[in-house]
């Protein structure tokens with residue numbers, strides 16, 4: 015199954031209150047028949063059947079004879095696959111001078127996100143030079159896209175965006191509808 019469709023199906027399964035109630039029931043009772051689920055949760059048979067079919071297709075539950083049980087192993091794998099984000103480890107660019115590498119090591123987490131935005135302008139400039147590498151040259155970005163990129167590094171996207179514009183590393187249209195990376199020497 016396509017990974018995107020698998021994610022969507024998993025989220026659909028987990029976002030419906032009655033499906034969560036069915037999963038909860040199977041967690042506590044281990045197995046239950048359709049009739050047990052209808053009686054315990056007081057849901058119409060047709061709805062229960064629809065939910066069971068969907069949960070079985072997604073792989074959250076399995077049917078054995080006339081009873082359903084939670085597929086706990088598959089549920090754990092599905093959840094882990096969908097929500098476990100492994101971030102790449104930050105490795106300083108070898109071309110950087112030692113001072114810049116030292117500043118980055120001091121202000122970045124092992125995954126490359128920013129621990130704390132430095133107040134000192136020289137240190138901030140090193141961090142901004144690091145951040146600007148996430149933006150492709152000759153590409154236009156909406157404010158939302160800029161925020162998405164910056165959020166990978168730190169939650170203060172507005173401050174970082176403003177700092178990048180003030181440092182003339184990012185340019186924008188006055189209404190903020192379009193941003194782009196400024197090429198070195200262009201300003």
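In the working numbering, the protein residues as written are 15 to 201.
Heads up, the beta-carbon is just placed ideally off N, CA and C, and yes, glycines get one too.
By a beta-carbon distance limit of 8 Å, residue 65 contacts residue 36. Their separation comes to about 6 Å.
Residue burial is scored here from C-beta neighbours: residue 47 has fewer than 16 other C-beta atoms within 10 angstroms and is therefore classed as exposed. Residue 180 is classed as exposed because its beta carbon has fewer than 16 other beta carbons within 10 Å across all chains shown.
By the neighbour-count criterion, in which a residue is buried when 16 or more other Cβ atoms sit within 10 angstroms of its Cβ, residue 189 is exposed.
For the stretch 71-96, the full-length beta strand (DSSP E) segments reaching 3 residues or more read 75-78 and 81-84 along the chain. Between the alpha carbons of residue 137 and residue 25 lies a distance of about 41 Å.
In this chain, the alpha helix (DSSP H) harbouring residue 114 covers 112-121. The secondary-structure analysis by DSSP pairs residue 154 across a beta bridge with 194. Of all alpha-carbon atoms in 173, 140, 128 and 91, the one lying nearest the alpha-carbon of residue 111 is that of 140.
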